[in-house]
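All the letters of the sequence shown, read from the start, carry residue numbers 95 to 381 under our numbering. We put the CB at the ideal spot given by N, CA and C, even for glycine.
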Amino acid sequence: MRWEDFRTSSNVEDRRGMGIGGAGGLGIGTIVVLGLISWALGIDPRILIGGAEMIAGGGSGYQQQQGRQGTPQDEAGRFAAAILGNTEDVWKTVLPQQVNRQYREPKLVLFSGATRSGCGGAQSAMGPFYCPLDQTVYIDLSFFEEMQRRFRAGGDFAYAYVLAHEVGHHVENLLGILPRVQERQQEVGTTERNQLSVRVELMADCLAGVWAHHSDQRWKSLEQGDIEEAIRAAEAIGDDRLQKQTQGRVVPDSFTHGSSEQRMRWLTTGLKSGQVQSCDTFRAARL
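Structure follows, in structure tokens:
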């Protein structure tokens, strides 16, 4: 992916290496399992993880610190800031044109190990996530190394897809979808709550594809093999594949992000169409 010429965003806070630690709560083994199952985490983790102690407990063992503001100087940090900047440039144009909504830029927090978010405590093993309460994406960039090592789903465009997916949740938030879904999730049982989460996640996959479509049209950002990279990443983080790896069996009613086939198909839908309207998973007859 040709990202070096992207405008880097200044909406980045770098908390890496600040020595923020967590105390008590869930054991590291539990955290890793939760992280695997909810890989590429989506909306408010308190809902998707089901009120796990490290989040619902308010993260009392965490100390909030102010990170460095602006574009980081290391390559991984500059990459993240560049992808964020490009999503800003795309959505500032696409959202008003297609759905008559103004785009408000989210913030990106880079951290290592653990930090605090508006949704509670965050740990690296949870994977990246978007917190709608502070409109911020949180990520430990070592997650990209884990993608390559554990799932062989590396590459710049695969990593960009992960960030764009979380920004997709921000778009959903601006469209009023996340508040409505979260309200509904409080009223229904576990199975329907999971089904709503799947629709939210697949829509974010599709919106990541919409971003990539317009980025390539305007900046010729995609290179040969990039789309295959992203599709491999989407396949790697399907609920069915993760469940098979972690528990040896697949339980569709417990899906929160969608199957590998669904994630690949919705990402491809956004890539091909470039239309926000094509990403409406809540009206789709087939997920």
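Among the residues of its own chain, which have a CB less than 7 Å from the CB of residue i, if the five just before and after it don't count?
i	result
L365	G303, A306, H307 and I321
G179	F100, R101, T102 and S103
R278	L290
Q409	Residue 409 falls outside the range modelled here, since the chain spans only 95 to 381, and no answer is possible.
A298	G136, H259, G262, H263 and E266
G152	Note that G152 scores a pLDDT of 40, beneath 50, so its modelled location is shaky and nothing firm can be said.
Could you check the C-alpha separation between residue i and residue j for me, to the nearest Å?
i	j	result
G262	E295	9 Å
D310	S367	13 Å
A254	A174	8 Å
Q196	L227	19 Å
Q157	F223	In this prediction, Q157 has a pLDDT of 49, which is less than 50 and means its spatial position is unreliable; what the coordinates show is noted afterwards. When rounded, the distance between both Cα atoms is 19 Å.
E98	D168	13 Å
A252	L301	15 Å
A208	C225	15 Å
W185	Q242	28 Å
E199	E182	6 Å
N288	Q276	11 Å
R312	P273	32 Å
N267	Q337	28 Å
L269	S206	31 Å
I233	G171	11 Å
K314	D250	15 Å
T362	Q191	21 Å
C213	A219	16 Å
Q280	R377	21 Å
E239	S354	21 Å
L381	R244	27 Å
Considering only residues of the same chain and omitting the five flanking positions on each side of residue i, which have a CB-CB separation below 8 Å?
i	result
R246	R326 and A330
K201	N105, V106, E107, D228, Q229, T230 and V231
G121	Note that G121 has pLDDT 37, beneath the 50 cutoff, so the model's placement of it is unreliable and no number is given.
I271	V294, M297 and F376
With DSSP as the reference, identify every bridge partner of residue i, one or two as the case may be.
i	result
T230	K201 and C225
V106	L202
R210	G215
R162	D108
Let me know if residue i comes out buried or exposed under the rule of 16 or more other beta-carbons within 10 Å of its beta-carbon.
i	result
T350	buried
S217	Looking at the sequence itself, residue 217 is Gln, so the reference to Ser does not match. That one is buried.
D347	exposed
V345	exposed
E286	exposed
A379	exposed
R110	buried
T375	buried
E323	buried
R210	buried
G342	exposed
G215	buried
C373	buried
G115	Low confidence applies to G115: its pLDDT is 48, below 50, so where it sits in the model is not reliable, and the reading given next is rough at best. So G115 ends up on the exposed side.
For my contact list, residue i and residue j are in at a C-beta cut-off of 8 Å; report their separation, rounded to the angstrom.
i	j	result
L387	D108	Absent from the structure is residue 387, since the part of the chain shown begins at 95 and ends at 381.
V231	E260	4 Å
V265	G352	Contact doesn't hold; Cβ gap of about 18 Å is too wide.
R357	G319	Contact doesn't hold; Cβ gap of about 19 Å is too wide.
M95	L316	6 Å
Go through its chain and collect everything with a Cβ distance to residue i's Cβ below 6 Å, but skip five positions before and after it.
i	result
V193	V370
T165	T102 and A175
I177	A254 and L257
A328	R357, M358 and L361
G248	M241 and Q242
V390	The structure shown does not extend to residue 390, since the chain spans only 95 to 381, so no value can be given for it.
T284	none
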